[in-house]
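Colleague: My structure is below; once you've seen it, I'll send some questions.
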Amino acid sequence: MRHFQTAALSALAAALAFSASAPAVSKGTAAPPAAQAPVSPAELVGKVDIPFEKFTLANGLTVIVHTDRKAPVVGVTTYYRIGSKYEPRGKTGFAHLYEHLFFGGSANVPNFDIPLEAAGSTPTNGSTWYDRTNYVETVPTGALDLALFMEADRMGHILPAVTQDKLDKQRGVVQNEKRQGDNEPYGLMDYAIGEGLFPVGHPYRHATIGSMADLDAATVGDVRQWFTDHYGPNNVVLALSGDIDAKTARPLVEKWFGNIPRGPEVRAVNATPVTLSAPQTRQMTDRVPVIRLTRNWSGPGLNDPDSAALRVGMFILGGLASSRLDNALVRGQELAVSVTAGAQQFEQVSFLQTSMDIKPGVDRKAAEAAFDKVTADFVAQGPTADEVRRAVTSTLSAEIGGLEVVGGMSGKGATLAEGELYSRDPAKYKEDLARMAALTPADVRKALAKWLNRPAFALDVVPGERTESGEGMGGWGDEAAKTATPDPKTAPPPLPAAPKLTAPPVTPIADLVFPTVEHATLSNGIPVALARRTAIPKVSLSISFDAGYAADSLDKPGTQFLMLSSLEEGTTTRNATAIAEEQERLGASIGAGGTVDRSSIGLTALTANLAPSLTLLADVVRNPAFRAEDVTRVRSQALAGLQQVEASPQALAQRTLDGLLFGQHPYALPSDGLGNATSLASLTPVDLRNAHAKWLRPDLARITVVGDITMAQLKPLLETAFGQWVPPASAAPKKALDTPVPTAQARIVVLDRPASPQSYIAVGRALPIQGTTQGTEALNLANDVLGGGFLSRLNGDLREDKGWSYGVFSAVTRPVGPRTLMVAAPVQTDKTGPSVQAILADMKAFPGKAPVTPVELQRVTEGAIRAMPNQFQTNGSVLQAIETNARLGRPDNYYQTLATTYRAIPSPKIEEAARQYLQPDGMTIVIVGDRKQIEPQLKAVGLPVEYRAAPAVGAATKGN
Numbered sequence: 002m003r004h005f006q007t008a009a010l011s012a013l014a015a016a017l018a019f020s021a022s023a024p025a026v027s028k029g030t031a032a033p034p035a036a037q038a039p040v041s042p043a044e045l046v047g048k049v050d051i052p053f054e055k056f057t058l059a060n061g062l063t064v065i066v067h068t069d070r071k072a073p074v075v076g077v078t079t080y081y082r083i084g085s086k087y088e089p090r091g092k093t094g095f096a097h098l099y100e101h102l103f104f105g106g107s108a109n110v111p112n113f114d115i116p117l118e119a120a121g122s123t124p125t126n127g128s129t130w131y132d133r134t135n136y137v138e139t140v141p142t143g144a145l146d147l148a149l150f151m152e153a154d155r156m157g158h159i160l161p162a163v164t165q166d167k168l169d170k171q172r173g174v175v176q177n178e179k180r181q182g183d184n185e186p187y188g189l190m191d192y193a194i195g196e197g198l199f200p201v202g203h204p205y206r207h208a209t210i211g212s213m214a215d216l217d218a219a220t221v222g223d224v225r226q227w228f229t230d231h232y233g234p235n236n237v238v239l240a241l242s243g244d245i246d247a248k249t250a251r252p253l254v255e256k257w258f259g260n261i262p263r264g265p266e267v268r269a270v271n272a273t274p275v276t277l278s279a280p281q282t283r284q285m286t287d288r289v290p291v292i293r294l295t296r297n298w299s300g301p302g303l304n305d306p307d308s309a310a311l312r313v314g315m316f317i318l319g320g321l322a323s324s325r326l327d328n329a330l331v332r333g334q335e336l337a338v339s340v341t342a343g344a345q346q347f348e349q350v351s352f353l354q355t356s357m358d359i360k361p362g363v364d365r366k367a368a369e370a371a372f373d374k375v376t377a378d379f380v381a382q383g384p385t386a387d388e389v390r391r392a393v394t395s396t397l398s399a400e401i402g403g404l405e406v407v408g409g410m411s412g413k414g415a416t417l418a419e420g421e422l423y424s425r426d427p428a429k430y431k432e433d434l435a436r437m438a439a440l441t442p443a444d445v446r447k448a449l450a451k452w453l454n455r456p457a458f459a460l461d462v463v464p465g466e467r468t469e470s471g472e473g474m475g476g477w478g479d480e481a482a483k484t485a486t487p488d489p490k491t492a493p494p495p496l497p498a499a500p501k502l503t504a505p506p507v508t509p510i511a512d513l514v515f516p517t518v519e520h521a522t523l524s525n526g527i528p529v530a531l532a533r534r535t536a537i538p539k540v541s542l543s544i545s546f547d548a549g550y551a552a553d554s555l556d557k558p559g560t561q562f563l564m565l566s567s568l569e570e571g572t573t574t575r576n577a578t579a580i581a582e583e584q585e586r587l588g589a590s591i592g593a594g595g596t597v598d599r600s601s602i603g604l605t606a607l608t609a610n611l612a613p614s615l616t617l618l619a620d621v622v623r624n625p626a627f628r629a630e631d632v633t634r635v636r637s638q639a640l641a642g643l644q645q646v647e648a649s650p651q652a653l654a655q656r657t658l659d660g661l662l663f664g665q666h667p668y669a670l671p672s673d674g675l676g677n678a679t680s681l682a683s684l685t686p687v688d689l690r691n692a693h694a695k696w697l698r699p700d701l702a703r704i705t706v707v708g709d710i711t712m713a714q715l716k717p718l719l720e721t722a723f724g725q726w727v728p729p730a731s732a733a734p735k736k737a738l739d740t741p742v743p744t745a746q747a748r749i750v751v752l753d754r755p756a757s758p759q760s761y762i763a764v765g766r767a768l769p770i771q772g773t774t775q776g777t778e779a780l781n782l783a784n785d786v787l788g789g790g791f792l793s794r795l796n797g798d799l800r801e802d803k804g805w806s807y808g809v810f811s812a813v814t815r816p817v818g819p820r821t822l823m824v825a826a827p828v829q830t831d832k833t834g835p836s837v838q839a840i841l842a843d844m845k846a847f848p849g850k851a852p853v854t855p856v857e858l859q860r861v862t863e864g865a866i867r868a869m870p871n872q873f874q875t876n877g878s879v880l881q882a883i884e885t886n887a888r889l890g891r892p893d894n895y896y897q898t899l900a901t902t903y904r905a906i907p908s909p910k911i912e913e914a915a916r917q918y919l920q921p922d923g924m925t926i927v928i929v930g931d932r933k934q935i936e937p938q939l940k941a942v943g944l945p946v947e948y949r950a951a952p953a954v955g956a957a958t959k960g961n
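Here the numbering used here is used: the first residue of the sequence shown is 2, the next is one more, and so on.
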């Protein structure tokens, strides 16, 4: 990935589309939807459709066009048939390295990001995996011609722009991406799984990111040849989805792509599942909080007839909230703090895995025996018909949310492109979903028996000091016998000049049209806000309370987190399994969580099943039981979660910084909500009941709804669920957000984490303004210039120019109380001190030595304005915006008027905000890393340094 995020899962069913055939409901219709049986999987699949047209250019480029006019944006999704499985020995990591180089400009495009973001595109991105490399951007309709010109220029004319300097910098970025992943707890597991499941030379064995040695050996000549061999248009699927049709698209595609010559066909690779000759076991020691057991098998590819049954079967085993593993090991015998199972499916193979994190204090042998028994029993007996129905219904309902997104990594364009690339059929999703809906328990049992009765590769990770290094992992597997030669940096032969092309202009782009927000009040005073959107037959709802993790300043630290985590564990009439199963039958999803200011319980539901879904939500919110056994179990999970947080450099840095910046203020409590181990361990059912009564009360509540329903239909349902909820007689509690914040101190605090492959730098200062302070948009724009995006100064300096980091960003938080300026930078260890100096220097230079440039001003104002329609494609994004406006005291039309506000902010106002709020004076700097490597570097920074030991991790588990 070029921009850091979790690797993209298959877009197969995440981009289902409902036809817009449902009749409109009049606003005057007062009756709520009639109660009825839950919608069946067959009914859901029967309504699915992503209409498309397909054509192929003479040079072999396949183009798929899907029309969706709900927003004036087009998703441009380009899939190349080249991934890590095609890499030969000595060239591991090349596909991913080239993905990075693809953003470095081409013959007629000096920078790929600047023109598109200026035009209002989402940040451009790309990803590489075993089977493919993809590139995505979602642009305003008026910028589609520009986007196609730029995609065509890098497809046809990138080689003159691939220089030694760019290769060296992106090599450094990729290596820091690898170190960043390796630095996390359990960060070396994926390498070991590939090694355990496949022999040396198998295309799916080595990691997509490759080996450090192969990356070091890559030459300009190598990467030129890699492009020539694999990036021809005949190896590409281009999907255009959104405000476009094939009649309009075809001449544009012909104009820009038609003259690019065909390239060699990408060679097919022989890659099949591997059956181990006998069970195999590997144990790794790592800086982790608990023992993690896994069982792994290679399985069939996504076109295999067993793929749907395996996906559903593994979901029942360990993916559902009511999964077999959860019911037996987490809630039943209470041997685990978490369990999972899943089928990660690729074109030619799949990775089948079950995992268990053993509860601290539990005997390992007993846990392993129980873990293996649950899987063995399930494979032997198979699922029930109800389990299959629940798994299929919940899967379909969850994935329908992807219908709202036209582009991106998992939008409708990706679904069509993957169907074409892997199965020669853009509509492959229809076949897959129909097969899933038709599954019987016998089908699932048969597939599980076929694939999981083979010998497994057991990979277990136990707490202790890490004994292996990611530096030597991820490659072909025979590095000990073959040493790669570092890039000699020999000048490659000159290339013929590319044709001169001129970028097309961006045509006018409409400003954002934000949905109308309706308001109502329930009979007990709870305010309700509704934005009606009919793109999909679903509703998103949130009931939030003025509490949040800052409320723990009036209770014990960790109280809100544990109380919210316990809501779904049982009510006075339902236990946890019943709650989970009911959600699954309805295709609904309930989740509780918090921020520093608010405690919220969210619901997504099919509109047809909203009434029973609200009944369940109301029971969870209003009637939690907080049974002793449930609280004990959730408390153990929270304590293990706290250890996991303290083992993660990023999370540890953030919770440390919170306390250093805020002293006795409520925001000093860790923003993850977990408090501390002593406090968490002391919490009792009585504490949670008291907190629930104190904070989750109707006079502190607000309900926000977005989706396919009218207020006339919605309000009676909410009255039934929440309108009769009587506020307590006692006065509502108030958090002391006016508590003074400590005077800022310029200092460095190092948390010593020996042998860390990277240092994580977190920089912060509390600002003298509140989140509710209005008129601070100039500060937001100033932060965008400094570190708020990929094109920001900090990221451009430390990542793109120096290659010291995979990504650096800054943010100005927006809670109700004091705002915080923050900078985050994971950097290679030997550049820790210079990175701190560079961050402080970049901040100090803005705006004195480096005022806002015209390009930056255009990007953060007009570019941001043009991008707004794309920011609100989903119900969830609209809901979040409405809640944010309410929390910060902003009007409903805030986003509607934001374009006018931005256009009225000139460079001097942005520079004044930077001068007042973004200077480096008084910054507290937290660094998580290896003190022995860091300490000598920090002397040149010139700030006082305090050294602390990072928290010890690793639970006491019998039989380690």
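Quick reminder that beta carbons are idealized off the backbone N, C-alpha and C, glycines included.
Only a predicted model underlies this, so the values are computations on that prediction, with no experimental measurement involved.
DSSP three-state call for Q176: helix, strand or coil?
Modeller: Working through the sequence shown from its first residue, we reach residue 176 at position 175. Q176 falls in the helix class under three-state DSSP.
Colleague: Assess contact between the region 868–888 and the region 419–430, defined as three or more Cβ pairs (one per stretch) separated by less than 8 Å. Is contact present?
Modeller: Output reads no: the region 419–430 does not touch the region 868–888.
Colleague: What residues are listed by DSSP as bridge partners for S323?
Modeller: Counted from its first residue, the sequence shown places residue 323 at position 322. In DSSP, S323 forms no bridge with anything.
Colleague: Below 8 Å between beta carbons: does that hold for G211 and S541?
Modeller: What you label residue 211 is simply residue 210 of the sequence shown in a count that begins at 1. What you label residue 541 is simply residue 540 of the sequence shown in a count that begins at 1. Contact: no.
Colleague: With a Cβ-Cβ cutoff of 8 Å, do L510 and V751 count as a contact?
Modeller: Working through the sequence shown from its first residue, we reach residue 510 at position 509. Working through the sequence shown from its first residue, we reach residue 751 at position 750. Residue identity differs from the one stated: residue 510 is Ile in this sequence, not Leu. No; because the gap between Cβ atoms is not below 8 Å, this pair is not in contact.
Colleague: On the premise that Q638 lies in contact with S398, defined as a C-beta separation below 8 Å, what is that separation, rounded to the nearest angstrom?
Modeller: To locate residue 398, count along the sequence shown from 1; it is residue 397. To locate residue 638, count along the sequence shown from 1; it is residue 637. Not confirmed; about 26 Å, so no contact.
Colleague: Candidates P116, P73, R766: which alpha carbon is nearest V856's?
Modeller: Here residue 856 refers to the residue found at position 855 of the sequence shown. V856 has its Cα closest to that of P116, out of P116, P73, R766.
Colleague: Would you kindly work out how many angstroms separate the C-alpha atoms of K940 and I749, rounded to a whole number?
Modeller: Stepping through the sequence shown from its first residue, residue 940 is reached at position 939. Stepping through the sequence shown from its first residue, residue 749 is reached at position 748. If you take the alpha carbons of K940 and I749, they lie about 11 Å apart.
Colleague: Considering just the uninterrupted stretch of the beta strand (DSSP E) at R206, what are its terminal residues?
Modeller: To locate residue 206, count along the sequence shown from 1; it is residue 205. Taken as a continuous stretch (DSSP letters only), R206 belongs to no beta strand (DSSP E), as it is neither H nor E.
Colleague: Exposed or buried, which one is E44 when buried takes at least 16 other CB atoms within 10 Å?
Modeller: The residue labelled residue 44 in the question sits at position 43 within the sequence shown. Exposed, by the Cβ-count rule.
Colleague: Should R904 be labelled buried (16 or more other beta-carbon atoms within 10 Å of its own) or exposed?
Modeller: As a working note, residue 904 is residue 903 in the sequence shown. That one is exposed.
Colleague: Roughly how far, in whole angstroms, is the beta-carbon of V291 from the beta-carbon of D69, given that I think they are within contact range, below 8 Å?
Modeller: Reading the sequence shown from its first residue, position 290 is the one you call residue 291. Reading the sequence shown from its first residue, position 68 is the one you call residue 69. That belief does not hold up - the Cβ atoms of V291 and D69 are roughly 45 Å apart, past 8 Å.
Colleague: Taking 8 Å as the threshold (C-beta atoms), are A733 and L701 in contact?
Modeller: Here residue 701 is taken as the residue at index 700 of the sequence shown, counted from 1. Here residue 733 is taken as the residue at index 732 of the sequence shown, counted from 1. For L701 and A733, yes; Cβs fall inside 8 Å.
Colleague: Please give me, in chain order, every unbroken run of the beta strand (DSSP E) with length at least 3 that falls completely inside the region 65–149.
Modeller: For the region 65–149, whole beta strand (DSSP E) runs of length 3 or above, ordered along the chain, are 74–81, 126–129, 134–141.
Colleague: Give me, in chain order, the residues of the same chain whose beta-carbon lies closer than 6 Å to that of K167; leave out the 5 immediate sequence neighbours on both sides.
Modeller: By one-based count along the sequence shown, residue 167 stands at place 166. Same-chain partners within the cutoff: G105.
Colleague: Any beta carbon of chain D sitting closer than 8 Å to that of A536?
Modeller: No chain D is part of this structure, which consists of one protein chain only.
Colleague: Is there contact between the region 649–657 and the region 522–539, where contact requires at least three CB pairs shorter than 8 Å?
Modeller: Not touching, per the Cβ criterion.
Colleague: Which ranges would you report for the alpha helix (DSSP H) in the region 854–925 if only whole runs of at least 4 residues count?
Modeller: The qualifying runs are 855–859, 865–872, 876–889, 895–904, 908–918.
Colleague: From P494 to V267, what distance separates their C-alpha atoms?
Modeller: Within the sequence shown, numbered from 1, the residue matching residue 494 stands at position 493. Within the sequence shown, numbered from 1, the residue matching residue 267 stands at position 266. Taking the straight line joining both Cα atoms gives about 25 Å.
Colleague: Taking the continuous alpha helix (DSSP H) assigned at L658, which residues delimit it?
Modeller: Stepping through the sequence shown from its first residue, residue 658 is reached at position 657. Taken as a continuous stretch (DSSP letters only), the alpha helix (DSSP H) holding L658 covers 650–663.
Colleague: Would you mind reading off the limits of the alpha helix (DSSP H) that contains L615?
Modeller: Translated into the one-based positions of the sequence shown, residue 615 becomes position 614. Looking at the DSSP string, the run of the alpha helix (DSSP H) that includes L615 is 611–623.
Colleague: Could you tell me whether the Cβ atoms of I159 and S85 are closer together than 8 Å?
Modeller: Here residue 159 refers to the residue found at position 158 of the sequence shown. Here residue 85 refers to the residue found at position 84 of the sequence shown. It is not a contact, given that the beta carbons lie outside the stated cut-off.
Colleague: Buried or exposed for V64, please, with buried defined as at least 16 other CB atoms from any protein chain shown within 10 angstroms of its CB.
Modeller: Counted from its first residue, the sequence shown places residue 64 at position 63. So V64 ends up on the buried side.
Colleague: Roughly how many angstroms lie between the CA atoms of T560 and T535, to the nearest whole one?
Modeller: Position 559 of the sequence shown, counted from the start, is the residue given in the question as residue 560. Position 534 of the sequence shown, counted from the start, is the residue given in the question as residue 535. Each residue's Cα considered, the two are about 38 Å apart.
Colleague: With H, G and I counted as helix, E and B as strand and the rest as coil, what does DSSP make of W696?
Modeller: Against the sequence shown, residue 696 aligns to sequence position 695. It is helical.
Colleague: My guess is that Y81 and H231 are in contact by the Cβ rule of under 8 Å, so how many angstroms apart are they, rounded?
Modeller: Locating residue 81 in the sequence shown gives position 80, where the first residue counts as 1. Locating residue 231 in the sequence shown gives position 230, where the first residue counts as 1. 7 Å between Cβ atoms; contact.
Colleague: Taking 6 Å as the limit between beta carbons, can you name the residues of its chain near S391, skipping five residues before and five after?
Modeller: Within the sequence shown, the letter at position 390 stands for residue 391. It should be pointed out that residue 391 corresponds to Arg in this sequence rather than to Ser. Taken in chain order, the residues that qualify are E585, R586.
Colleague: For Q346, report the span of its beta strand (DSSP E) as first-last.
Modeller: Locating residue 346 in the sequence shown gives position 345, where the first residue counts as 1. Per DSSP, Q346 belongs to the beta strand (DSSP E) from 337–346.
Colleague: Would you please state the rounded distance, in angstroms, between the beta carbons of D831 and D798? I believe it to be under 8 Å.
Modeller: Walking along the sequence shown from the start, residue 831 turns up at place 830. Walking along the sequence shown from the start, residue 798 turns up at place 797. Not a contact, Cβ separation roughly 17 Å.
Colleague: Confirm, please, whether the CB-CB distance from S590 to T705 is below 8 Å.
Modeller: Taking the sequence shown and counting its residues from 1, the one referred to as residue 705 is at position 704. Taking the sequence shown and counting its residues from 1, the one referred to as residue 590 is at position 589. No. Outside cutoff.
Colleague: Apply the 10 Å Cβ neighbour rule to K429 and answer buried if 16 or more other Cβ atoms are within range, or exposed otherwise.
Modeller: Against the sequence shown, residue 429 aligns to sequence position 428. Burial call: buried.
Colleague: So is Q387 buried or exposed if we call it buried at 16+ other beta carbons inside 10 Å?
Modeller: In the sequence shown, residue 387 corresponds to position 386, counting from 1. One detail in the question is off: residue 387 reads as Asp in this sequence, not Gln. Looking at its Cβ environment, which holds fewer than 16 other Cβ atoms inside 10 Å, D387 is exposed.
Colleague: Look up D753 in the DSSP assignment and give the residues it is bridged to.
Modeller: The residue you call residue 753 lines up with position 752 of the sequence shown. In DSSP, D753 forms a bridge with G930, A950.
Colleague: Taking DSSP as the reference, what is the three-state secondary structure of S41?
Modeller: Start at 1 with the first residue of the sequence shown, and residue 41 comes out as number 40. DSSP places S41 in coil when its eight states are reduced to three.
Colleague: Flag this pair as yes or no: are the beta carbons of T276 and T355 separated by less than 8 Å?
Modeller: Position 275 of the sequence shown, counted from the start, is the residue given in the question as residue 276. Position 354 of the sequence shown, counted from the start, is the residue given in the question as residue 355. Cβ distance not < 8 Å, so T276 and T355 don't count as in contact.
Colleague: Checking 8 Å against the spacing of the C-beta atoms, do P816 and D598 come in under that value?
Modeller: As a first step, residue 816 must be located in the sequence shown, where it is residue number 815. As a first step, residue 598 must be located in the sequence shown, where it is residue number 597. It is a contact, given that the beta carbons lie within the stated cut-off.
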